[in-house]
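Comments concern the structure below.
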RNA sequence: GGCCCAUUCGUCUAGUGGCCUAGGACACCGCCCUCUCACGGCGGCGGCACGGGUUCGAAUCCCGUAUGGGCCUCCA
């Protein structure tokens, strides 16, 4: 039998990365099994609903590459069906009215048990389970009633969700059983926490999918990283393409203990992906990323800067600090400038007939000999004068791309601005 | 408080009774490369929460303790 799973977010805001990780496991499982992955918006709680959230959730999913099957469904659309199911239970004596609400009559004895794919067998004494409200006195079905019903109607075969639902499961199982329904398999995947072990929140850094996009992460890197939080194909492999992830994923290998989100490792992984991109692909991504915030930066120059930065940055957002000198004036620290080097450097480079990285390199090395100084000594003030920072892309290439006129002007300005020794 | 779940280097993890002198990756430290920063290469530091069992033998099985988390809403 083909599998069918779903992601069921409530539209209360931006997609949280922890929920995305759970969605990813659902998606990987569905794709691996050749089954379906559905998207259902649980908008029963109209008071907490955020208008744009539904669209944002879909955008985030698309950006990450998590495609879903069929149309998106909305929990609210099936309220009538839920009420009808509640009436059925009422008529059968399996539920009762309680001050206008309808409550489910839980069994008093015995245990409710299920075999969780991740956690193993879980048993809960029925006396611990309270009579569940199915329909509120205002007529709206509750989550613990609507959710399992929709899973049933949608033919969901595997319910893969966060650990906060473990204690809901026995309730839902009893409701489903009373309806004579066939039960789905359950897999409760562990949480993802922040570096201090508490729930991942804004104070830890990026937390919504959108935050990560804005911070300059690549969707495939984020997907790879997320997949490895609680799952591993073996003890060695870390970098895996989307197809490889799909090919190797299995719920049985999902671990049972919570993971901590390690931003440093994500940075490393993102750098790996960035460097593995073809220069053309890297350029396309950089252009579209930079274009969102720096519309005034010429695309051609951004593309031209690619060879200078691809090996250097770990996130697209670092481009601005790293190569910003190509797009505007710089403010060098006068204490790092040195007239005794900048003046001869200006004259030496001014003599060049061809303004190319190769020629610049040759001339600068000769200058080092003439001055009797090591390259590191000579290059520092030049770098600072030209790029405004002691950290920059390769000096020769930077000068070449900046252009003869602007480079010489900055060297001259640097010499003039040098602090008196 | 009750119920449920979890516990291998700082972090992500491999490990399913002998292959473990516990492997890999990130981070960190050192060295090399080098015009800065990265990248890359080499090396290092570092862990089975604790206590009892079971067994010839336990990171692996059982029990207890501790710690952490989740749930106990007419929230989802």
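Residue numbers (our numbering): 2 to 422. Glycine included, C-beta positions come from ideal geometry on N, C-alpha and C. Being a predicted model, the structure only gives us computed values, none of them experimental.
Within 8 Å, strictly: CB atoms of residue i and residue j
i, j, result
"residue 39", "residue 155", "yes"
"residue 74", "residue 41", "yes"
"residue 237", "residue 309", "no"
"residue 286", "residue 317", "yes"
"residue 343", "residue 402", "no"
"residue 30", "residue 252", "yes"
"residue 4", "residue 239", "no"
"residue 353", "residue 420", "no"
"residue 304", "residue 288", "yes"
"residue 43", "residue 10", "yes"
"residue 21", "residue 227", "yes"
"residue 400", "residue 379", "no"
"residue 394", "residue 323", "yes"
C-alpha gap between residue i and residue j, whole angstroms
i, j, result
"residue 24", "residue 6", "10 Å"
"residue 249", "residue 170", "28 Å"
"residue 115", "residue 82", "27 Å"
"residue 108", "residue 178", "11 Å"
"residue 217", "residue 223", "10 Å"
"residue 65", "residue 12", "18 Å"
"residue 127", "residue 164", "20 Å"
"residue 183", "residue 113", "15 Å"
"residue 232", "residue 194", "15 Å"
"residue 212", "residue 274", "18 Å"
"residue 18", "residue 205", "12 Å"
"residue 132", "residue 93", "16 Å"
"residue 202", "residue 311", "31 Å"
"residue 370", "residue 346", "12 Å"
"residue 280", "residue 357", "20 Å"
"residue 348", "residue 333", "20 Å"
"residue 229", "residue 176", "35 Å"
"residue 118", "residue 84", "31 Å"
"residue 271", "residue 219", "6 Å"
"residue 162", "residue 307", "41 Å"
"residue 190", "residue 406", "60 Å"
"residue 130", "residue 47", "27 Å"
"residue 351", "residue 415", "15 Å"
"residue 54", "residue 15", "6 Å"
"residue 34", "residue 26", "12 Å"
"residue 255", "residue 134", "33 Å"
"residue 244", "residue 72", "24 Å"
"residue 390", "residue 384", "7 Å"
"residue 411", "residue 263", "41 Å"
"residue 290", "residue 225", "20 Å"
The beta strand (DSSP E) enclosing residue i, as first and last residue numbers
i, result
"residue 162", "159-162"
"residue 58", "It is not in any beta strand (DSSP E) - residue 58 instead sits in the alpha helix (DSSP H) that spans 54-65."
"residue 387", "Run containing residue 387: none in the beta strand (DSSP E); it sits in the alpha helix (DSSP H), 376-388."
"residue 186", "186-189"
Reduced DSSP secondary structure (H/G/I, E/B, other) of residue i
i, result
"residue 42", "strand"
"residue 408", "helix"
"residue 74", "strand"
"residue 154", "helix"
"residue 8", "strand"
"residue 371", "helix"
"residue 194", "strand"
"residue 361", "helix"
"residue 81", "helix"
"residue 332", "coil"
"residue 215", "helix"
"residue 260", "strand"
"residue 253", "helix"
"residue 37", "strand"
For residue i, the first and last residue of its enclosing alpha helix (DSSP H)
i, result
"residue 283", "280-294"
"residue 205", "Where residue 205 is concerned, there is no enclosing alpha helix (DSSP H), given that its DSSP letter is neither H nor E."
"residue 264", "264-277"
"residue 33", "18-34"
"residue 397", "396-403"
"residue 228", "220-228"
"residue 347", "340-351"
"residue 246", "243-249"
"residue 312", "Per DSSP, residue 312 belongs to no alpha helix (DSSP H) and is neither H nor E."
"residue 302", "300-305"
"residue 319", "319-324"
"residue 355", "Here residue 355 belongs to no alpha helix (DSSP H), and DSSP marks it neither H nor E."
"residue 178", "170-179"
Taking only runs that begin and end inside the stretch 85-151, name each unbroken alpha helix (DSSP H) of 4 or more residues, in chain order.
For the stretch 85-151, not a single whole alpha helix (DSSP H) run of length 4 or above is found.
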